[in-house]
Amino acid sequence: MGIKIKSMKKNDFRDNDTLELFKQSGGNVLITTLDEIVNWGRSNSIWPLTFATSCCGIEMMATGASRHDFARFGIEVYRASPRQADVIVVAGTIVRKMAPVLKRLYDQMSDPKYVIAMGACAVSGGPFYYNTYSVVRGVEHVIPVDVYVPGCPPRPEALLYGVMQLQRKIKSETMRLTRDRDREYAEGTIPPKFKLSKEEDHE
Amino acid sequence: MIEDTVIGSIEQQEYTINMGPQHPSTHGVLRLVVSLKGEIVTQVKPHLGYIHRGIEKMSESMTYPQIVHLTDRLDYLSAHINNHALCLAVENALQVEVPERVKYIRTIMDELNRIASHQLWWCSFGMDLGALTCFFYGLRDREYILDIFEESCGSRLLHSYYTPGGLMKDIHPGFQKRVKDFIKYFRKVLPEYDQLLTGNVIMQERTRGIGNITKEEAISYGFTGPSGRGSGFACDVRKHHPYALYDKVDFQEVLYHEGDSLARYQVRIGEMWESMKIIEQLIDNIPEGDYSAKMKAVIKLPEGEYYQRVEAARGEFGVYILSDGGKTPYRLKLRSPNFSNLSAIDLLARNFKIADLIAIGGSLDLVIPDIDR
Amino acid sequence: MNNEVLKEKILAVLPKAEFAPAGQWLTITLPKERIRSYCQTLKDSPELRFDFLFCQTGLDLADQFQVIYHLESTEFRYVIVLKASIPNKENPEIDTVSDIYRTAEFHEREIYDFFGIHFKQHPDLRRIFLDEISDMIGHPFRKDYKDEVNIIER
């Protein structure tokens, strides 16, 4: 009634083309072709880990169920073990007690591994940003994130869009180079600034 | 001979197994440390706090209309009902009488929410027992309710539709028709649930006589909701301490006396029928009128204590407010049903096999953010 | 159920009970030493049968701690509120009721976690939510709790 959503021209609503700019141009014909094959395979069979801490987990279940069915896009089988999973969809709030567990889960996953931060809590702490003593304000303080899906909770369509963005990102990878993110994570320069205790920084 | 001794020694050995916090059948981030003798559970120790967000502490620096949004995020599957508890507590404190129309809409929304919650429980309970088909059937039907919510509240899961004094917005013009269509559809579909799972031999074997709790123990452990009513504990707040329109509608308190997982299962299936009955009695009679009472822009509760109990999908949900006369509560305590229900898990699972622990956990229908708050 | 009738019934078994001014439910204020005997009497008395503890709340008031017990009788549907005050703020202690009402075991652990109120003879008194966080020294629900690192105030 009183609410109007400003309409957007179709032309303005483009997919995130900047991802393609990451793509390394030039190089060996054989390797780039091989890259494409490998990336095609990887991006169309992303297996998520069943990791849901709170409300967003229900929307993640709804995304996997009858109406929305994200198996259409190859993100198919929920894996209970991190060792078999390719992507961890962090669905819900991460609190300080859970943060070391999440980090351990991420470390147990085999490369290449991807992270989708689903929902306001995983993106930034969301509704639990102020005045609370136990919430980690954004999962990026614990593990590096590939795709952020905002919303509280995001609609299943939003998660699907996020997954498709991840697929685009995977398609622009090359196997010659280690991803900057993985290297930085191994070196310990990311994740930044999160403190698990007053005395020592989070390792 | 050798095999016998080997198996015998395995059966006698004592183990301690850690389940969770990341485990597919703990419905979130519950962590159970299970002591076993062979396959038999000797002790279950729940470790909580992996999703403790300090909501009660946050509430102490928030105004009452703001806290409504936090109550959604406790038991996200009965978001409407949790909102209802806080709104009622504030309204009772201010002695505001909400319009009849609001009471009708709130009661209908609560019951729709209860059905949606039990549908999701049915999905996950089936999955816990290894029946994946339930997942697709249950969530298929749940989407119809979510569509109804979405039309009126603008959100699928966390609605924050109730405000102190009334509702955020009026219902969608097509609300009544959509609800009636859904009830017609669901009356046809719910017997399918029975055909698919209730009569199943494996399901019966895995739930009958498993996870027993007597009525006295249930009361002592504060076991409420469908879990308590499965043991014959008449604890339906809607019946015994009625709020909204529950004293005017005709419905039965579903009671089973066996106290096992199957009884808890049957209570929930029965409640879905009762909820439909309540909705049918109300849906045609929604009176015209305002969708909210006149409230002041800044809500300040008079000094004192206020407690409101409501029947959420998993049991009794309570809000305790201690006000010092300001805009924010001095102390706000949320009595969550799952917290008390979980405290009995050691008693329920003891002397059963470890596989039954999953079935028992499923029959309690735990929502972990509600436990940890 | 009339509060006056209930009051008389309670006075019959607990002649020393002190009632607070009228609120939503009948409220009994008591010193912390009496909590076990009161709970036991209220539960065992055949006229009352308060067997269901549906809420247990900790409170930090200016001069004292309080533990509030919401009791219901599942047979007669009476509800009463017990308020036990703990004047010692340095070293708060109270007797456990977890053997009378089993649900209190978790509730008391929660109150211990949030307020640091020690429950004597509790079978397993550990912090329930905040036990593995290394720098969690204080009890966050006390009004004087400060945490500059983790709390962003608004």
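Protein chains in written order, with my numbering: chain U, 3 to 205; chain B, 1101 to 1473; chain C, 1130 to 1283.
Where is the CB? At the ideal position from N, CA and C, for every residue including glycine.
Check your understanding: Going straight from the alpha carbon of M1265 (chain C) to that of L1259 (chain C), what length do you get?
Key -> By one-based count along the third sequence, residue 1265 (chain C) stands at place 136. By one-based count along the third sequence, residue 1259 (chain C) stands at place 130. If you take the alpha carbons of M1265 (chain C) and L1259 (chain C), they lie about 7 angstroms apart.
Practice item. Helix, strand or coil for L1130 (chain B), going by three-state DSSP, please let me know. Key: Indexing the second sequence from 1 puts residue 1130 (chain B) at position 30. Coil, per DSSP.
Review point. Using 8 angstroms as the limit for Cβ to Cβ distance, is Y1406 (chain B) near chain C?
Key: The count along the second sequence starts at 1 and reaches residue 1406 (chain B) at position 306. Interface residue, yes.
Check your understanding: Near I1245 (chain B), which residues of its chain fall below 6 angstroms by C-beta distance, leaving aside the five closest residues on each side in sequence?
Key -> In the second sequence, the residue the question calls residue 1245 (chain B) occupies position 145. Cβ neighbours of I1245 (chain B) beyond the five flanking positions: L1212 and A1216.
Exercise for review: Assign E61 (chain U) to one of two classes, buried (16 or more other C-beta atoms within 10 Å of its C-beta) or exposed (fewer than that).
Suggested key: Taking the first residue of the first sequence as 1, we reach residue 61 (chain U) at position 59. By the 10 Å Cβ count, E61 (chain U) comes out buried.
Exercise for review: Starting from R98 (chain U), find everything on chain C with Cβ-Cβ shorter than 7 angstroms and list it in chain order.
Suggested key: One-based indexing of the first sequence puts residue 98 (chain U) at position 96. Near R98 (chain U) (Cβ distances below 7 angstroms), the residues of chain C are I1262.
Check your understanding: Using a Cβ-Cβ cut-off of 6 angstroms (strictly less than) and excluding sequence neighbours within five positions of K1137 (chain B), which residues of its own chain qualify?
Key -> The residue labelled residue 1137 (chain B) in the question sits at position 37 within the second sequence. Same-chain partners within the cutoff: E1114.
Check your understanding: Starting from Q1195 (chain C) and walking both ways along the alpha helix (DSSP H), at which residues does that stretch end?
Key -> For the purposes of this step, residue 1195 (chain C) is taken as the residue at position 66 of the third sequence. Segment F1194 to E1201 is the beta strand (DSSP E) holding Q1195 (chain C); no alpha helix (DSSP H) there.
Practice item. Report the residue ranges of all alpha helix (DSSP H) runs contained in full by the stretch 1145-1202 of chain C; include only those spanning at least 4 residues, in chain order. Key: 1164-1173
Review point. Run through DSSP, which three-state label would Y187 (chain U) get?
Key: Here residue 187 (chain U) refers to the residue found at position 185 of the first sequence. If DSSP states are grouped into helix, strand and coil, Y187 (chain U) belongs with the helices.
Check your understanding: In chain order, what residues of the same chain have a beta carbon less than 8 angstroms from the beta carbon of P152 (chain U), not counting five sequence neighbours either side?
Key -> Here residue 152 (chain U) is taken as the residue at index 150 of the first sequence, counted from 1. Correct list, in chain order: G121, A122, V125 and A160.
Check your understanding: Between the C-alpha atoms of V1367 (chain B) and G190 (chain U), what's the straight-line distance to the nearest angstrom?
Key -> Along the second sequence, one-based indexing puts residue 1367 (chain B) at 267. Along the first sequence, one-based indexing puts residue 190 (chain U) at 188. Spanning the two alpha carbons is a distance of roughly 53 angstroms.
Review point. For a contact meaning CB atoms closer than 9 angstroms, what does Y1241 (chain C) contact in chain B?
Key: The residue you call residue 1241 (chain C) lines up with position 112 of the third sequence. What Y1241 (chain C) touches in chain B: nothing, since even the nearest Cβ is about 13 angstroms away.
Check your understanding: Taking one C-beta from the stretch 1351-1362 of chain B and one from the stretch 1150-1163 of chain C each time, how about it: are there three or more such pairs within less than 8 angstroms?
Key -> no
Exercise for review: Could you tell me whether the Cβ of I1257 (chain C) comes closer than 8 angstroms to any Cβ of chain U?
Suggested key: On the third sequence, position 128 is the one that residue 1257 (chain C) refers to. False, the Cβ-Cβ gap to chain U never drops below 8 angstroms.
Check your understanding: In chain B, what lies closer than 7 angstroms to Y1230 (chain C) by C-beta?
Key -> Translated into the one-based positions of the third sequence, residue 1230 (chain C) becomes position 101. What Y1230 (chain C) touches in chain B: S1320.
**Study point:** C-beta neighbour in chain D for T55 (chain U), strict 8 angstroms
**Key:** Looking at the structure shown, chain D is missing, and the protein chains on hand are U, B and C.
Check your understanding: Taking the beta strand (DSSP E) that F1417 (chain B) falls in, what are its first and last residues?
Key -> Position 317 of the second sequence holds residue 1417 (chain B). Run containing F1417 (chain B): G1415 to S1423, per the beta strand (DSSP E) assignment.
Check your understanding: Taking only runs of the alpha helix (DSSP H) that begin and end inside the stretch 1336-1418 of chain B, which ones reach a length of at least 4 residues, in chain order?
Key -> 1337-1340 and 1361-1383
Practice item. Quick one: using the 10 Å Cβ neighbour count with 16 as the cut-off for buried, is Y116 (chain U) buried or exposed? Key: Position 114 of the first sequence, counted from the start, is the residue given in the question as residue 116 (chain U). The residue in question, Y116 (chain U), is buried, as its Cβ has 16 or more Cβ neighbours within 10 Å.
Check your understanding: Rounded to a whole number of angstroms, what is the C-alpha to C-alpha distance between F1244 (chain C) and V1419 (chain B)?
Key -> Walking along the third sequence from the start, residue 1244 (chain C) turns up at place 115. Walking along the second sequence from the start, residue 1419 (chain B) turns up at place 319. Going by the C-alpha atoms only, they are around 19 angstroms apart.
**Study point:** Beta-ladder partner(s) of M120 (chain U), from DSSP
**Key:** Along the first sequence, one-based indexing puts residue 120 (chain U) at 118. Answer by DSSP bridge pairing, in chain order: U:A93 and U:V151.
Exercise for review: Measure the alpha-carbon distance for R1256 (chain B) versus L1422 (chain B) and round it to whole angstroms.
Suggested key: As a working mapping, residue 1256 (chain B) is identified with position 156 in the second sequence. As a working mapping, residue 1422 (chain B) is identified with position 322 in the second sequence. Cα-Cα distance, rounded: 32 angstroms.
Review point. With contact counted as at least three CB pairs below 8 angstroms, one residue from each stretch, are the stretch 1215-1224 of chain C and the stretch 1298-1305 of chain B in contact?
Key: no
Exercise for review: May I ask you to verify whether the stretch 1155-1175 of chain B touches the stretch 127-136 of chain U, counting CB pairs closer than 8 angstroms and requiring at least 3?
Suggested key: yes
Exercise for review: Please work out which residues of its chain come closer than 8 angstroms, Cβ to Cβ, to A1193 (chain B), disregarding the five sequence neighbours upstream and downstream, and give them in chain order.
Suggested key: Sequence index remark: in the second sequence, residue 1193 (chain B) carries index 93 (1-based). Contacts found: L1401, P1402, G1404, Y1406, I1421 and S1423.
Point to revise | Cα-Cα separation, N1385 (chain B) to S1392 (chain B) | key: Walking along the second sequence from the start, residue 1385 (chain B) turns up at place 285. Walking along the second sequence from the start, residue 1392 (chain B) turns up at place 292. Approximately 18 angstroms between the Cα atoms of the pair.
Check your understanding: Per DSSP, R1478 (chain B) forms a beta bridge with which residues?
Key -> Nothing can be reported for residue 1478 (chain B): it is not among the residues displayed for chain B, which extend from 1101 to 1473.
Review point. Leaving out five residues before and five after T65 (chain U) in sequence, what residues of the same chain have Cβ atoms less than 6 angstroms from its Cβ?
Key: The count along the first sequence starts at 1 and reaches residue 65 (chain U) at position 63. Cβ neighbours of T65 (chain U) beyond the five flanking positions: F72, P158 and L161.
Review point. Just the Cα atoms here: how many angstroms apart are P50 (chain U) and E175 (chain U)?
Key: As a working note, residue 50 (chain U) is residue 48 in the first sequence. As a working note, residue 175 (chain U) is residue 173 in the first sequence. About 19 angstroms.
Check your understanding: Is the CB of L1135 (chain C) under 8 angstroms away from at least one CB in chain B?
Key -> Residue 1135 (chain C) sits at position 6 when you count from the first residue of the third sequence. No, L1135 (chain C) lies away from the interface with chain B (no Cβ there is under 8 angstroms from its Cβ).
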